[in-house]
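Residue numbers (this note's numbering), protein chains in the order written: chain A, 23 to 492; chain B, 123 to 547. Each remark here refers to the structure printed beneath this line.
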């Protein structure tokens, strides 16, 4: 069944690149009755308002943590049918932190927000043009304070150019590419044959509860007092990026002339977002996969984007006819290397992040004595299954030092570099240089540190009404 | 030393002895930092001193799914709780038992006295031999790759990696003499070759399936329509029992996981009622055992490449099955591998289990009901109290790569092969 766009918050439909500024207001509820009354008076932007020539000046979205839903009056039993990861929380225990790579400096004990009394109840997400955002955000903050909320923090994104080009993250790379296409109108049916090949579109149920997912099942509880249908789980992580550390390490490892080339191999894309040379089979930035590069000569096996989305279908050999499919399913064709990563369609994330802090060109960041500045990414993503999507991608693909059969390599961008297990190093990166020679980078620093985070539920409109009516 | 085999010893533990036994088992681990992970130097059973081990576990078979039988009065409500010692190691099960006893005679008495107060230093060997159980099916990622080979090839790779890191800008051709020099001082035992009798035994076993299949065809073919009807009737009526996981229990199980790149998996459950399901399970596990021995012997169980060892063991007059495996990655990824790559195999091997998600025609559906399947697995998973892995940090891919590197090295690679060799280090 097609998704009722009137009942879905707009963030699911768009990242709103046309609105250059964002504010993330994280607040705790101190007076539930007043908070609910105030929230009832606010109307979030709907997915139906996106596109078709309409230009929105402001977008307001709401999401809640488990603690927030409890503060608004839901009992623990009433919430028990929600995702266990959401109920546990991003920083629930040491094992989860380990799996997510939130260790060392990134451990929740060092977070600026997300735990204890700095665990938010509500996320108010404000998007607007840069000249309007400050006044509007102040107004909303003031109203929130006056209506039963205490602010944990308000975080801002960098003003973006509001053109149709991709955003740049603080290291300078084009970001937000390779998004899954949501099948809003349920046009596609999972197919045992066709799904053997990679495809960029995913079922609506991979993002929205109450819709068919890639297994053909409908996730979410349709019976509880909290309406889950058309809601989504929103992951928010504040990732601080050490820009001068990143480019300084590259400068030392590869020299001023080789730094960019090595950085592009670590990311797995050119800095402008284009596929690495030799990979593209069409003109678009997404017209590539890794089928023709099984050994990682063009794009290293451990490159960031190859981990985040390995672009493989259910069968690394693709569809091959009835007998071929049967033999392949039985493991009598192909090899272990081809099967080292799982099918991508079950592990996609809809990313909605924005950069923050002081931006700096790579050449400037590479200079000796370049000042350390605060910059990073408000990493936001939406998914229907925190376990199978966000936590899997983060833990099994990005953080894992054994991703894809590799050894001792964490993600070159966001790896924590902590030895694992015991004293086994994880700070290596194998790649081939432009001349095709095998190279190995070592002693990579930690370039990204988690500064805060939480799992939220982004309800549909009916879901929001069920929350505020509680 | 012969190829890898499985030694399993299981004996009943009375409820009153369980807390004390658990406390003793805990002293053999690295708790509280890494609960469940064996301390190789613990004074009770110093695992690190036992030669030829691949994996070892002590697991208390406390079955959380026994209450599912409430709706089936013909199944006994109670089954004994056992302590299971399971060892994957080189040599025959008898060899493994002897090596264990030679190193930890007294420690084994201290453990198994919780099962039987009459166990002493003089009768422990015979007692353990008497309590051995045979698995119905056993999978080994790479038959014939001994623990010594794994260790030596890992050391070789480590030495080569050091060379490569010390000479980051050196071309493969210039690196080659340095790599050879690094390898020269390291021991490299020749790979274990199966003896003539082992090869003959293997050939007979290989022939057993086609011969039995041919012999049974005259009976099977006419019976097939009836068997299909029997199967379909059961598939469409059997109850699915896949309760929502308890978060507290999940936290308990998670606490034991991901302290290494490899994890143990232990699960127990009842078979569905009746002779049809029982015989179907017997036949399927026999075929799986045959396939694991003769087809899936090069690092892959169908399309799953992350399993080092796995086994299926009948208990209690074949009313229950205990499944154990050692796999790379975390639980969610392991479950996803099951669902996305070998749902048909999972359905074959587990769909006779009480409460398994609904299958169609034995191989369809089942595990593809993702949520029900994960909940079903969770419902049957039990904690592994002590788990020993002498090769911490090494995945099946690492072991295969190390063996590949060694084989390439012995061929004295040149040109493109040399470049690929260096790139893999």
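Each residue gets a CB set at the ideal place from its N, CA and C atoms; glycine is no exception. Just so you know, these numbers come straight off a predicted model, no measurement behind them.
How would you list, in chain order, the residues of chain A whose beta-carbon sits under 9 Å from the beta-carbon of residue 466 of chain B?
Counting from one through the second chain, the residue named residue 466 of chain B turns up at place 344. Result: 351 and 352.
Using DSSP with H/G/I as helix, E/B as strand and the rest coil, what is residue 55 of chain A?
Taking the first residue of the first chain as 1, we reach residue 55 of chain A at position 33. If DSSP states are grouped into helix, strand and coil, residue 55 of chain A belongs with the helices.
Who are the near neighbours of residue 406 of chain B in its chain, counting only those whose CB is closer than 7 Å to its CB and skipping five residues on each side?
The residue labelled residue 406 of chain B in the question sits at position 284 within the second chain. Excluding sequence neighbours, residue 406 of chain B sits near 470 and 471.
Cutting at 7 Å between CB atoms, please list the residues of its own chain near residue 311 of chain A, excluding the five before and the five after it.
What you label residue 311 of chain A is simply residue 289 of the first chain in a count that begins at 1. Cβ within range, chain order: 220 and 333.
Note the first and the last residue of the continuous beta strand (DSSP E) segment covering residue 223 of chain A.
Translated into the one-based positions of the first chain, residue 223 of chain A becomes position 201. First-last of the beta strand (DSSP E) with residue 223 of chain A: 223 to 225.
Taking 8 Å as the CB-CB cut-off, is residue 286 of chain B touching chain A?
For the purposes of this step, residue 286 of chain B is taken as the residue at position 164 of the second chain. Yes, residue 286 of chain B counts as interfacial toward chain A.
Positions along the stretch 507 to 523 of chain B whose CB lies within less than 9 Å of some CB in chain A:
514, 515, 516, 517, 518, 519, 520, 522 and 523
Closer than 6 Å by C-beta to residue 314 of chain B: which residues in its own chain qualify, once you throw out the five before and the five after it? Chain order, please.
Start at 1 with the first residue of the second chain, and residue 314 of chain B comes out as number 192. Same-chain partners within the cutoff: 266 and 268.
Candidates B:232, B:127, B:134 and B:177: which alpha carbon is nearest residue 145 of chain B's?
As a first step, residue 145 of chain B must be located in the second chain, where it is residue number 23. Taking only the C-alpha atoms, the option nearest residue 145 of chain B is B:232.
Under the three-state DSSP convention, the category residue 34 of chain A falls into
The residue given as residue 34 of chain A occupies position 12 in the first chain. In this structure, residue 34 of chain A counts as helix in the three-state DSSP scheme.
Status (buried if at least 16 other CB within 10 Å, exposed otherwise) for residue 435 of chain A:
The residue you call residue 435 of chain A lines up with position 413 of the first chain. It is buried - the Cβ of residue 435 of chain A has at least 16 other Cβ atoms within 10 Å.
Let me check one thing: in DSSP terms, what residues is residue 486 of chain B bridge-paired to?
Residue 486 of chain B sits at position 364 when you count from the first residue of the second chain. Answer is B:482.
In three-state terms, what does DSSP make of residue 212 of chain B?
Here residue 212 of chain B is taken as the residue at index 90 of the second chain, counted from 1. In the structure shown, residue 212 of chain B sits in a strand (DSSP, three-state: E or B).
Between which residues of its own chain and residue 106 of chain A is the CB-CB distance below 8 Å, once the five residues before and five after are set aside?
The residue given as residue 106 of chain A occupies position 84 in the first chain. Hits under 8 Å: 409.
Note down, in chain order, each residue of its chain lying with its Cβ closer than 7 Å to the Cβ of residue 108 of chain A, except the 5 sequence neighbours on either side.
On the first chain, position 86 is the one that residue 108 of chain A refers to. Answer for residue 108 of chain A: 88, 255, 408, 477 and 479, listed in chain order.
Under 7 Å from the C-beta of residue 120 of chain A: neighbouring residues of chain B
Position 98 of the first chain, counting from 1, holds the residue named residue 120 of chain A. Per Cβ cutoff of 7 Å: 380.
Hey, is residue 362 of chain B's beta-carbon within less than 8 Å of any beta-carbon in chain A?
Walking along the second chain from the start, residue 362 of chain B turns up at place 240. No, residue 362 of chain B does not count as interfacial toward chain A.
Below 8 Å on C-beta distance, what does residue 544 of chain B contact in chain A?
What you label residue 544 of chain B is simply residue 422 of the second chain in a count that begins at 1. Ordered by position in chain A, the residues that pass the 8 Å Cβ test against residue 544 of chain B are 460.
Would you grab the beta carbon distance between residue 500 of chain A and residue 65 of chain A for me? Rounded to a whole angstrom, and I think it's under 8 Å.
Absent from the structure is residue 500 of chain A, since the part of chain A shown begins at 23 and ends at 492.
What residue range does the alpha helix (DSSP H) around residue 272 of chain B cover?
What you label residue 272 of chain B is simply residue 150 of the second chain in a count that begins at 1. 269 to 288 is the span of the alpha helix (DSSP H), which, as asked, contains residue 272 of chain B.
Among residues of its own chain, excluding the 5 on either side of residue 375 of chain B, which ones have a beta-carbon nearer than 7 Å to its beta-carbon?
Taking the first residue of the second chain as position 1, residue 375 of chain B is located at position 253. Excluding residues within five positions, the ones whose Cβ falls inside 7 Å are 503 and 505.
Tell me, please, whether the CB atom of residue 531 of chain B is closer than 8 Å to any CB atom in chain A?
The residue labelled residue 531 of chain B in the question sits at position 409 within the second chain. No, because no Cβ of chain A sits closer than 8 Å to the Cβ of residue 531 of chain B.
Taking the CB atoms as reference points, tell me whether residue 212 of chain A and residue 236 of chain A lie closer together than 8 Å.
Looking up residue 212 of chain A in the first chain gives position 190. Looking up residue 236 of chain A in the first chain gives position 214. Yes, the Cβ-Cβ distance between residue 212 of chain A and residue 236 of chain A is below 8 Å.
Near-chain B residues of the stretch 65 to 90 of chain A - C-beta to any C-beta below 7 Å
none
Cβ of residue 237 of chain A within 8 Å of any chain B Cβ:
On the first chain, position 215 is the one that residue 237 of chain A refers to. Taking Cβ atoms only, chain B reaches closer than 8 Å to residue 237 of chain A, which makes this a yes.
Based on DSSP bridge pairs, tell me the residues matched to residue 429 of chain B.
By 1-based counting over the second chain, the position of residue 429 of chain B is 307. DSSP lists B:449 as partners of residue 429 of chain B.
Consult DSSP for residue 321 of chain B and reduce its assignment to one of helix, strand or coil.
One-based indexing of the second chain puts residue 321 of chain B at position 199. Reduced to three states, the DSSP call for residue 321 of chain B is helix.
Contact with chain A by residue 376 of chain B, beta-carbon distance below 8 Å
Sequence index remark: in the second chain, residue 376 of chain B carries index 254 (1-based). True, the Cβ-Cβ gap to chain A drops below 8 Å.
May I have the straight-line CA-CA distance separating residue 390 of chain B from residue 231 of chain A, to the nearest angstrom?
Reading the second chain from its first residue, position 268 is the one you call residue 390 of chain B. Reading the first chain from its first residue, position 209 is the one you call residue 231 of chain A. Distance between the alpha carbons of residue 390 of chain B and residue 231 of chain A is about 32 Å.
First and last residue of the beta strand (DSSP E) that includes residue 175 of chain A?
Counted from its first residue, the first chain places residue 175 of chain A at position 153. First-last of the beta strand (DSSP E) with residue 175 of chain A: 171 to 178.
Enclosing alpha helix (DSSP H) for residue 246 of chain B [first to last residue]:
The sequence position of residue 246 of chain B within the second chain is 124, counting from 1. Counting along the chain, the alpha helix (DSSP H) containing residue 246 of chain B begins and ends at 246 to 252.
Just verifying my parser: in three-state terms, what is the DSSP assignment at residue 302 of chain B?
Position 180 of the second chain, counted from the first residue, corresponds to residue 302 of chain B. DSSP places residue 302 of chain B in helix when its eight states are reduced to three.
Classify residue 76 of chain B as buried or exposed, calling it buried when 16 or more other Cβ atoms lie within 10 Å of its own Cβ.
Given that chain B is displayed from residue 123 to residue 547, the structure contains no residue 76 of chain B and the question cannot be resolved.
Which runs of the beta strand (DSSP E) spanning at least 3 residues fall entirely within the stretch 151 to 191 of chain B, listed in chain order?
156 to 160 and 175 to 183
Amino acids of chain B, ordered along the chain, whose beta-carbon sits closer than 8 Å to that of residue 464 of chain A:
In the first chain, the residue the question calls residue 464 of chain A occupies position 442. Neighbours of residue 464 of chain A on chain B, chain order: 287 and 290.
Tell me, please, whether the CB atom of residue 491 of chain B is closer than 8 Å to any CB atom in chain A?
Numbered from 1 along the second chain, position 369 holds the residue referred to as residue 491 of chain B. Residue 491 of chain B counts as touching chain A.
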